[in-house]
Amino acid sequence: MNRHERRAAAKGSKTAQTSSAAATPAALHEAGLRHLTAGNLLEAQVCCQKALALDAEHADTLHLTGLLALQSKQYDHAVEWISRAIRKQPKTDYLTSLGTALQKQGRRDDAIAIFEKATQLKPDDAALWGNLGKALAEMGRPERALQSCQRALALKPDHWGAADQCATILLVLGRAEEALAYIDLCDSIRPNRAPTLQKRAAVLFGLNKFNEGLAEIERAYALDPANAEICNNVGVFLRRLGREEEALAFFDKALAIHPNFVGALHNKAFALAQLQRFAEAIAVYDAIKAIEPDNAEADMYAALLHLLTGNLERGWAGREARSRIAKLQITHFNSQQPRWLGQERLDGKTIVLHTEEGLGDSIQFARYAPMVAALGARVILVVQDALCPLLSGMDGISQCLPTSATALPAFDYYCPLSSLPLAFATSLDTIPAARAYLSAPSDSRRIWEERLGPHEKLRVGLVWSGNPAHLNDYNRSIPLSKLATILDVDASFLSLQKDPRPADRATLLTRPEIIDHTDHLTDFAETAALISCLDLVVTIDSSVAHLAGALGCPTWILLPYTPDWRWLLDRDDSPWYPSVRLFRQDQTRDYASVVARVRRELMALISARP
């Protein structure tokens, strides 16, 4: 063998030794892991097969095979392979992988048990406590999830995932102020991240801290100006602060980035409506319908604009979309019987007229019940429990039942109260507007007269806020303190305000001139009896406004610049309630000028009183 042959032989022997070393299960596992990281699943699978051919019980390779099955969404195989690895070596990362696979299978209790076992094996590992917290949160166990994530943060104060999970859990628990502290921690661990700032802004929005929230979402916008969602959110804050013109610019930015962004289109339409640019707003709703033909909100909110501007025919039809909008919390009436919308004859038939919306809507549309009875029907009225004692005495009502009733008598048809204007093809000229279609129980009224004592001054009932859950409550409700300028006139003021807000409750304590008998207002029949003893009700747009109008009591309603549809535009009277007078905000959207007008009119009313 010459020198070259010996060198070649030596080289071949060295290559064979290297190849032999590379064929160990450990080396093949490492190669397979690199392939998995690179996304080369087939090559990783080949490495695993070779390694297991050499050692069928090689734990790391069994685990890696399970990870490949997990990546391929073969969860049963993933559980099987990873479980085999754990039987060989119960490593915490194996347990974590098994817990993940069990979660994917939907076996959440089993997954949590595995994650808990991992924390027992390695109680000082923050990542394991974070995994357990996330699994518990997904399982709907927020309190335990929060404890696990807080344990992770105690072990590793810069654990961003645990801090983020704590914030999310606290929001689920309704503890927004505490959530903010964890969002701030996220921001300090990983500063200047637009998603964190978005989350903080959203929490501040829910806390009604709009100026502070606007500053946060503007920071997010500075970091990511090409993000359509952020642009839209800046617009939402501006709109909520009454800065609609500025808001429109940001909605347009969002739409320039994402032309079919339906959420931004909805927000744009709402802002246009608040500016009373109704034709433009309706055109935007039409654009939404071109993108999503079944979009119920576009139908509903366009219908409200038609009603507001006096186009009742289109408005009633479009408003039927309300039952398809989950966030409106419509009270659905489930029945096998047919729905009546004015087509079928009702002679000798029984019909259920049921409430779907709020107390004010029930009072407003109950006026149609006698008209249904006049068609020959036996009318069963189903309304909120608090309204039953009052509405049961209406003409034409055979039976009035509360919505809490568990059973109804047999009936032939049903119709939502809010659909009755459509059923009767109501126009502005045909609104049924008797001066008073409700009356208070005479016994209750007599008790209230005795309770109020001598009628020496003008008696004025006051309501300043409505249901805070109402979507437009921030525009219609006002603080009691803003009514202070009318309280010095020579009249007796009585509170009709149920459940005053904390700030208003504090104001009431400082205004002894407001007589407060609201503890006696146990239902609407009692409220009606008190109103019947008054000379005037001054109220924001609320259920009491409808009640006072239905009783025929002189009623002054304070309205925002763009009011609810039923009050229409550019008029100080209401075709629904002859005794109502409307006091509207002007373009300044300031209630101070509205209250000043009310004060002047009150002074005139008192001066004219004998």
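The opening position of the sequence shown corresponds to residue 91 in the working numbering, with each subsequent residue numbered one higher.
Glycine is no exception: its CB is placed at the ideal position from the N, C-alpha and C atoms.
Counted as a single uninterrupted DSSP element, the alpha helix (DSSP H) harbouring Trp219 occupies residues 216–228. Residue state for Thr612 is assigned as coil, using DSSP reduced to three classes. Between the C-alpha atoms of Asn323 and Phe295 there is a straight-line separation of about 10 Å. For Ile420 and Gly408, the gap between their C-alpha atoms comes out near 16 Å. Taking C-beta atoms as the reference points, Arg290 and Leu270 count as a pair closer than 8 Å. Judged by DSSP secondary structure, Leu548 falls within the beta strand (DSSP E) whose first and last residues are 548–553. In the assembly as shown, Glu233 is an exposed residue. Its beta-carbon has fewer than 16 other beta-carbons within 10 Å. Spatial neighbours of Ser413 in its own chain (CB-CB distance under 6 Å, excluding positions within 5 residues in sequence) are listed in chain order as Ile420. Around the Cβ of Ser697, a 10 Å sphere holds fewer than 16 other Cβ atoms; the residue is exposed. When only Cα atoms are considered, Trp406 and Ala242 end up about 56 Å apart. In the DSSP assignment, Arg198 falls within the alpha helix (DSSP H) that extends over 198–211.
Secondary structure at Tyr503: strand, using DSSP grouped into helix, strand and coil.
Approximately 6 Å separates the beta-carbon atoms of Trp666 and Gln454; this is inside 8 Å, confirming the contact. Between Ser622 and Leu402, the alpha-carbon positions lie close to 32 Å from each other. Apart from the 5 residues on each side of it in sequence, Ala497 has no Cβ closer than 6 Å to any other Cβ in its chain. Sixteen is the threshold: since fewer than 16 other Cβ atoms of the shown chains lie within 10 Å of the Cβ of Gln210, the residue is exposed. Gln366 sits in coil when the DSSP states are folded into three classes, being neither helix nor strand. The stretch 510–521 makes no contact with the stretch 541–552, as fewer than three CB pairs between them are under 8 Å. Excluding sequence positions up to five before and after Ala121, its CB lies within less than 7 Å of the CB of Cys137, all in the same chain and listed in chain order. Nearest to Lys212 by C-alpha distance, out of Asp199, Asp200, Lys439, Leu245, is Leu245. Put simply, the backbone Cα of Glu546 is about 22 Å away from that of His610. Listed in chain order, the non-local C-beta contacts of Gln366 below 7 Å within the same chain comprise Thr652, local neighbours out to five positions each way being set aside. In this structure, the straight-line span from the alpha carbon of Tyr503 to that of Val473 is close to 16 Å. Per the DSSP secondary-structure output, Arg468 pairs in a beta bridge with Thr440. Per DSSP, the continuous beta strand (DSSP E) segment holding Pro492 begins and ends at 487–492. Scanning the stretch 244–320 from its first residue to its last, the whole alpha helix (DSSP H) runs of 4-plus residues come out as 250–262, 266–279, 284–296, 300–313. Between Lys224 and Arg198, the alpha-carbon positions lie close to 11 Å from each other.
Short of 7 Å from the beta carbon of Gln427, and not among the five residues preceding or following it, lie these beta carbons of its own chain, in chain order: Phe501, Asp502, Tyr503, Tyr504. Between the C-alpha atoms of His348 and Gly486 there is a straight-line separation of about 54 Å.
Taking all protein chains shown into account, Tyr564 has fewer than 16 neighbouring C-beta atoms within 10 Å of its C-beta and is therefore exposed. Of the candidates Ser508, His560, Thr629, Thr629 places its Cα closest to the Cα of Gln587. Going by C-alpha positions, Glu147 is about 25 Å away from Gln193. Cβ contact annotation for Thr155 (same chain, cutoff 6 Å, sequence separation greater than five): Cys138, Trp171, in chain order. For Ile605, there is no enclosing alpha helix (DSSP H); the enclosing beta strand (DSSP E) covers residues 604–606. For Phe673, DSSP records a beta bridge to Leu648. Contact between Val352 and Ile381 holds: their C-beta atoms lie close to 6 Å from each other, under 8 Å.
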